[in-house]
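Working notes for the structure below.
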Amino acid sequence: MRIVTVEAPGKVNLTLEILGKRPDGYHELRSILMPVSLFETVTVRERADGVVTLRTTGEGVDCSELETLPLERQLAYKAVAAMRRACGRPDGGCDVTVVKRVPIGAGMGGGSADAAGVLCALRALWAPKLPEADYLAAGASVGSDVPALQLGGAVLMEGRGERVRRLLTPADPAPAPFWLVVVHPRFAVSTRAVYEAVDAENFRLTQQEGVWENCARSVLSGDVRAASRSLFNGLQRTVNRLHPSTERFCTALGKDGALSTLLSGSGSAVFGLAESQADAERIRRGLPPEVWSNVVQTLPDGVMAAHGPLVP
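Heads up, the sequence shown is in the working numbering, so the first residue is 860 and it goes up one at a time.
Okay, here's the thing in structure tokens:
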């Protein structure tokens, strides 16, 4: 049986605007999302008997809550079902193994990264010529952040996440990466609860004129100081009210020298932009040792081969 292993990065949202409520119940979003160098490792092995299995372990993160979550609700499993449909393989079987390093419920897209990794691996195994539009549509059927992580690099995400486009083309030279210090308060945030609270607050301060355009220019130029002036998350005020420790960690990062701080996605992780890797490491050393934190950099790519070219 053939095997594919990929490294699937988590993400941060440099901007996140909530533009309104859609007729389908989702929220209309606009966000600049970037993958970061904190990876889930996803291994997919073909099976001839049509059975699908999923095994998840954690490295430095607690994934015990997945032990009681029904298989059908886990994004990596949903990704297999989506690729069965997209590839015309209704009886396609596989064993999926995930090594998680992105905290669960952190707003860093760990579950979405798992799904993107499965989609990427099964595309290589089952349908290497599957058109990109069909591949991304399969991801959109799994979760809102999945298509952006499939596409890779700096992405403008719109709609509920199904409309994505690269800020740079694959032929463009990659700009200088941004260095960040990510902090996780060691609790998960319910995305549904956050959006329900935002609805109750009538979308106050959930969008900002010109913010994504300014941020996009800073990403394209690799100008971290300009990016620090463009960070925006329309959910941050609500999450800070529901979970005050997120605001405290942002304050701590700022006091230790971060250029700017922000909640990632719907939280609970927050991050601070640093001038350089050395500055990021210095900022991290100022945090209490018991706090989960990581120094990461933004990436020009999304899911990628863990060992050599991504081929079966």
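The C-beta atom is built at its ideal place from N, Cα and C for all residues, glycine as well.
- Here the segment 1088-1102 makes no contact with the segment 909-928; the two share fewer than three CB pairs at distances below 8 Å.
- Within the model, the alpha-carbon separation for E1060 versus Y994 is close to 36 Å.
- Looking only at V955, G1081, Q1067, the smallest Cα-Cα distance to R861 is reached by V955.
- With a beta-carbon spacing of about 6 Å, V903 and L981 fall inside the 8 Å limit used to define contacts.
- DSSP places M893 inside the beta strand (DSSP E), whose first and last residues are 886-906.
- Listed in chain order, the non-local C-beta contacts of G976 below 7 Å within the same chain comprise V865, A867, E899, V901, V1162, local neighbours out to five positions each way being set aside.
- Here DSSP, grouped into helix, strand and coil, assigns V1129 to strand.
- If the five residues before and after G964 are omitted, its C-beta is found closer than 7 Å to the C-beta atoms of A1047, V1048, S1127, all from its own chain and listed in chain order.
- For E876, the number of other beta carbons within 10 angstroms of its own is at least 16, and it is reported as buried.
- DSSP places E1140 inside the alpha helix (DSSP H), whose first and last residues are 1136-1144.
- Spanning the alpha carbons of L1008 and Q1066 requires a straight line of approximately 23 Å.
- When the beta-carbon positions are compared, L1015 and L1132 stay at least 8 Å from each other.
- Across the structure, G1002 and M942 are spaced so that their CA atoms are roughly 13 Å apart.
- DSSP places R914 inside the beta strand (DSSP E), whose first and last residues are 911-917.
- When DSSP reads this structure, W1038 sits in a beta bridge with A1133, Q1156.
- By the Cβ test, the segment 1094-1113 is not in contact with the segment 921-936, since fewer than three Cβ pairs between them sit closer than 8 Å.
- Within the segment 908-971, the complete beta strand (DSSP E) runs of at least 3 residues fall at 911-917, 952-959.
- DSSP places L1112 in the uninterrupted alpha helix (DSSP H) bounded by 1103-1114.
- E876 sits in a strand when the DSSP states are folded into three classes.
- Around the beta-carbon of V1150, fewer than 16 other beta-carbon atoms lie within 10 Å, marking it exposed.
- Taking all protein chains in view, the Cβ of S1080 is surrounded by fewer than 16 other Cβ atoms within 10 Å, so the residue is classified as exposed.
- Its Cα nearest to that of V1023, the residue I891 stands out among T874, A972, I891.
- Going by C-alpha positions, R906 is about 5 Å away from G952.
- If you draw a straight line from the Cα of P1159 to the Cα of I1142, it comes to about 24 Å.
- Secondary structure of G1124 (DSSP, three-state): coil.
- The Cβ atoms of L1118 and V1155 do not sit closer than 8 Å to each other.
- Here DSSP, grouped into helix, strand and coil, assigns V1005 to helix.
- Between the C-alpha atoms of L878 and D1058 there is a straight-line separation of about 11 Å.
- For V1023, the uninterrupted beta strand (DSSP E) run begins and ends at 1022-1025, by DSSP.
- Selection A940, G1124, G1012, A996 evaluated against V1041 yields G1124 as nearest (Cα-Cα).
- Annotation for E1017: no alpha helix (DSSP H) segment contains it, though the beta strand (DSSP E) segment containing it runs 1014-1018.
- Under DSSP, F1091 forms a beta bridge with T874.
- In this chain, the alpha helix (DSSP H) harbouring R1076 covers 1070-1080.
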